[in-house]
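**Q** Chains as they are written, first to last, in the numbering used here: chain S, 1 to 469; chain C, 470 to 704.
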C-alpha cells in the first residue's frame, strides 16, 4: 500500500514540475526531429539504391554483344538491402558500404560508404534517434531522478516520511515504481514514434522479423534506461544533497556515454590490431594472382577435364577449354578469398569479444552493439550481405564461364547477347532474420541483463541502508 | 507513553546524551529546556529511531524504538523546527499523503476539519505549500498529527521563528491535543512558552537531565532563575 502511495505522489510531483515537463517535451520534439531527419536519409538511400539498381540492370542488359568473360569483368553491382530500422539506428551502415561490385577474379569489399563523402562533419555525432536513446534519454533520466532521495534528504521530507512509520523498503519500492513509470512514459511514446517511422520506411523485410526486432529493441532500451534509473536512485540515496548527487551522476553519465565507448574501442583495436588496408589489399592481390603461379594445379585441372572427356589434348575437347580454365581460376581464387575474408572476420570477432569484456566499464558499449544488431546495421548483418553478394558473384561468373565453355566450342570471337544477359537474375538479397543470427547476440543480452541486475542491487542496497538522515 | 531508560548516545568520544531517564505520561506536556548541544534534539532523534543508542533504551507507547521502528513511529507525530512538506503539493494534499501513509483512511471533510482545527485558513488548503510561511507549515504538521490520531507528539524547537500570534495559536493547539490525551515532548529555548504549555520542564545541559520542574508550582521568574543557575554553573 505504502509504495503505491509514494509512487503516486512521485508521479504527481513530476507531473507538476515545469522543468520535468519541459525536459520531457523537449525530448519528444528532439526525437521527432531526429526521426524525420533519419527517415529522410533512409528514404534517400533507398531511392538512390533503387535508382542505381535499375540503372545497373539497364546497363547490364544493354551492354550489347560481347564475350561472356568480358561481360563477367563488366559485371554488376549487388546493392545492400537498407534495413527499415536503419532510420532509427544507422549503426555501421555509413562505414560498411552500400554496394559490392561483383566482377570476375575479384572479391571486392563494399563501396559507396556514406562516411567517406560526409567530410569533417562525420566526425561529430549525427542526430539519430538511437543516439538520443543512448545518450540523451539517460541524461533525462538522471535529471528526473537525481533528487529522488537527495532532494528528500535535503528538504527534510525523508525524515518526515520515516517518522510516520514508513519502512525504507516501502519508500524504495515506491521510488523504484515511480522510476519505472518515468521510463515507460519516455519509452512508450518514443517506441511508438520509432514504430511509425519503421513502418513508413518499410523496405520489404519480413513483417514478423521487424516486429520481433522492434519488441527486442523496446526491451533492450527498457533495460538500458532501468540501469540509469537504478544508478540514479542509488547515487541519490548515497549522497547528502542534490548538488552532490547531480555532480556524481553527470560524471558517471559522461564516463558511460562519452569516455567509456571511445576508450573500449581504442582498447579493443589496441589489443586486437585492425589489419592494415594495405595488407588486406596485398592479400587480395596475392589471391588474385595465385592461380597463374600455380602451374601444378593448372596442369592437374587440365588433366581432370581431359580424363573426363577421354582426350589427350585440349583442342580435342568438345568444350571451350578457356571457359573451363577461367572457371577453375575462379574457384581457386574463391578459396583464397574466403581465407582472407575469414581471417578479417575473425579479427573483427576478436575485437568484438574484447569489447564485450570491456563492457563492464559501461552499459552503453554493449547497448550500442545490440542496438545496431537489432536494427540490422552492424557488421554481422553486413557480413551476411557481403557473403550473399559473393555467392551471387560466383553464380554470375560461373554462368558466364559456362556459357563460354559450352557455346564457344569452335573458339574464335564468340559473343553472347541480351538473351544471356537477361538470364542473369538480379541480386535480391534480403536482410537475414534476427532469429537466424540470435546466437551471436545472446552474450550481449546476458551482459545487459547483468548490468540491469547489478544496478538494481546497487539501488536496493543504497535505499535500504540509509544512515545519514 | 514516552520513556527513556539510561539512554546514552556517544559520537566517537563525545557524549551527546548520558544516562537519560525520563517519561511523559498520556495527556502530559514535557518540555526540554537547554542550550544548543544540550542533547534535546539527540533525544528526539533517538525516540524517532533516527539514531541508534550507544546504550539504554528509548520507548514509545511501551515499545522499544530500535526493535520496533515502524510500529513505534506509527503511533507518533513529529514536528521539527522546519516542517518539511512537498512544495509541489497543496497543504491538503500533503496532509492526505502523510495520513494515507500512516495507514489512516479519512474522508476529505475530516481532513479539511483537521486543517481547520490546526488553524490553517481554508483559502490556503488548496495552495501549494511552497508559498506557505513557517507557521502555516507547522499548522499542516499539527493537522497531520490530529488526522493521524497520534498518541505521541515529538516537537523539536517548533516555536523558534514564529511570531507571537502564531506561537500563541500553536500553544493553544498543543493544549487541546494534551486534553485529548496526547503525550507531548517539546524541545525549546522559549521559557515563557514552556511555562505556558508545559506540565513539567526538564533542564538539560551537556547531555544530562539536570533537574525536572513541575510548572504548576513555579513562577516564570523561579523557572528562569533555576535555568540560569544551571547554565552559569556550567560556564
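Heads up, the beta-carbon is just placed ideally off N, CA and C, and yes, glycines get one too. All values derive from a computational prediction rather than experimental measurement.
Name, please, each residue of chain S whose Cβ falls closer than 8 Å to the Cβ of residue 497 of chain C.
**A** None at all; the shortest Cβ gap to chain S is about 21 Å.
**Q** Answer with yes or no whether the minimum CB distance from residue 162 of chain S to chain C is below 8 Å.
**A** Judged by the 8 Å Cβ criterion, residue 162 of chain S is in contact with chain C.
**Q** Looking at C-alpha atoms only, which residue of C:643, C:656, C:555 is the closest neighbour of residue 12 of chain S?
**A** Of C:643, C:656, C:555, the residue nearest in Cα terms is C:555.
**Q** Could you name the residues of the same chain whose beta carbon sits closer than 6 Å to that of residue 323 of chain S, not counting the 5 residues immediately before and after it, in chain order?
**A** Cβ neighbours of residue 323 of chain S beyond the five flanking positions: 401, 404, 405.
**Q** DSSP puts residue 35 of chain S in a beta bridge; with which residues?
**A** Bridge partners of residue 35 of chain S: none, in fact.
**Q** Residue 611 of chain C and residue 548 of chain C look like a contact to me (Cβ under 8 Å); what is the Cβ gap, rounded to whole Å?
**A** That pair is a contact at about 7 Å.
**Q** Is it a yes or a no for the segment 180-197 of chain S touching the segment 490-497 of chain C, going by three-plus beta-carbon pairs under 8 Å?
**A** The segment 180-197 of chain S, when compared against the segment 490-497 of chain C, does not touch it at the 8 Å Cβ threshold.
**Q** Report the residues of the segment 16-28 of chain S with a CB closer than 9 Å to any CB of chain C, ordered along the chain.
**A** Those would be 16, 17, in chain order.
**Q** Using the beta-carbon of each residue, which ones in chain S are nearer than 8 Å to residue 543 of chain C?
**A** 164, 165, listed in chain order.
**Q** Rounded to whole angstroms, what's the CA-CA distance from residue 73 of chain S to residue 329 of chain S? Just pull it up for me.
**A** Taking the straight line joining both Cα atoms gives about 14 Å.
**Q** Would you please verify whether the beta carbon of residue 466 of chain S is less than 8 Å from any beta carbon of chain C?
**A** By this cut-off, residue 466 of chain S is not an interface position.
**Q** With 16 other CB atoms within 10 Å as the buried threshold, where does residue 497 of chain S fall?
**A** The question about residue 497 of chain S has no answer, for chain S in this structure spans 1 to 469.
**Q** In terms of residue numbering, what span does the alpha helix (DSSP H) encompassing residue 402 of chain S cover?
**A** Its alpha helix (DSSP H) spans residues 379-407.
**Q** Going by C-alpha distance, which of S:7, S:238, S:29 is nearest residue 458 of chain S?
**A** Taking only the C-alpha atoms, the option nearest residue 458 of chain S is S:238.
**Q** If contact is defined by three or more beta carbon pairs under 8 Å, each pair taking one atom from either stretch, is the segment 567-577 of chain C in contact with the segment 606-625 of chain C?
**A** A contact exists between the segment 606-625 of chain C and the segment 567-577 of chain C.
**Q** So who's on the other strand from residue 621 of chain C, going by DSSP bridges?
**A** Note: residue 621 of chain C sits in a beta bridge opposite C:545, C:652.
**Q** Output the residue ranges of the beta strand (DSSP E) runs that lie fully inside the segment 76-140 of chain S and measure 3 residues or longer, sorted by chain position.
**A** 76-79, 99-102, all fully within the segment 76-140 of chain S.
**Q** Here's the rule I'm using: 16 or more other beta-carbon atoms within 10 Å means buried, otherwise exposed. How should residue 461 of chain S be labelled?
**A** It is exposed - the Cβ of residue 461 of chain S has fewer than 16 other Cβ atoms within 10 Å.
**Q** For residue 2 of chain S, which residues in chain C fall below 9 Å Cβ to Cβ?
**A** Those are 569, 570, 572, listed as they occur along chain C.
**Q** Skipping 5 residues on each side, what residues in its chain have a beta carbon closer than 8 Å to that of residue 591 of chain C?
**A** The answer, listed in chain order, is 581, 584, 585.
**Q** Taking its Cβ as the centre, do 16 or more other Cβ atoms sit within 10 Å of residue 686 of chain C, making it buried, or is it exposed?
**A** Label assigned to residue 686 of chain C: exposed.
**Q** Could you tell me which of S:255, S:392, S:75, S:441 sits nearest to residue 430 of chain S, measuring between CA atoms?
**A** Selected option, being the one with the closest Cα: S:392.
**Q** Taking 8 Å as the threshold (beta carbon to beta carbon), is residue 587 of chain C in contact with chain S?
**A** So no, residue 587 of chain C is outside the interface.
**Q** Taking a contact to mean a Cβ-Cβ separation below 8 Å, would you say residue 91 of chain S touches residue 110 of chain S in this structure?
**A** Cβ distance not < 8 Å, so residue 91 of chain S and residue 110 of chain S don't count as in contact.
**Q** Helix, strand or coil, according to DSSP, for residue 673 of chain C in the structure here?
**A** Residue 673 of chain C: strand per DSSP, three-state reduction.
**Q** If you draw a straight line from the C-alpha of residue 369 of chain S to the C-alpha of residue 220 of chain S, how long is it?
**A** C-alpha separation (whole angstroms): 11 Å.
**Q** Quick check: what's the CA-CA separation for residue 193 of chain S versus residue 419 of chain S?
**A** Cα to Cα, the separation comes out at about 48 Å.
**Q** Helix or strand or just coil, what does DSSP make of residue 597 of chain C?
**A** It is a strand residue.
**Q** Can you find a CB in chain S that lies within less than 8 Å of the CB of residue 580 of chain C?
**A** No - not a single Cβ of chain S is within 8 Å of the one on residue 580 of chain C.
**Q** Of all Cβ atoms in chain S, is any one closer than 8 Å to the Cβ of residue 616 of chain C?
**A** Output row for residue 616 of chain C: interface = no.
**Q** Residues in its own chain within less than 6 Å of residue 604 of chain C by CB, not counting five upstream and five downstream?
**A** 631, 635, listed in sequence order.
**Q** In three-state DSSP terms, what is residue 480 of chain C?
**A** It is a strand residue.
**Q** Give the single residue among C:678, C:677, C:693 whose Cα lies nearest to the Cα of residue 684 of chain C.
**A** Among C:678, C:677, C:693, the Cα nearest to that of residue 684 of chain C is on C:693.
**Q** Between residue 551 of chain C and residue 156 of chain S, is the Cβ-Cβ spacing less than 8 Å?
**A** The answer is yes: Cβ separation under 8 Å.
**Q** Return yes when the Cβ of residue 343 of chain S is within less than 8 Å of the Cβ of residue 272 of chain S, no when it is not.
**A** Taking 8 Å as the Cβ cut-off, residue 272 of chain S and residue 343 of chain S do not qualify as a contacting pair.
**Q** Ignoring anything shorter than 4 residues, give me the alpha helix (DSSP H) runs that lie fully in the segment 474-541 of chain C, in order along the chain.
**A** Complete alpha helix (DSSP H) runs here, min 4: 509-517.
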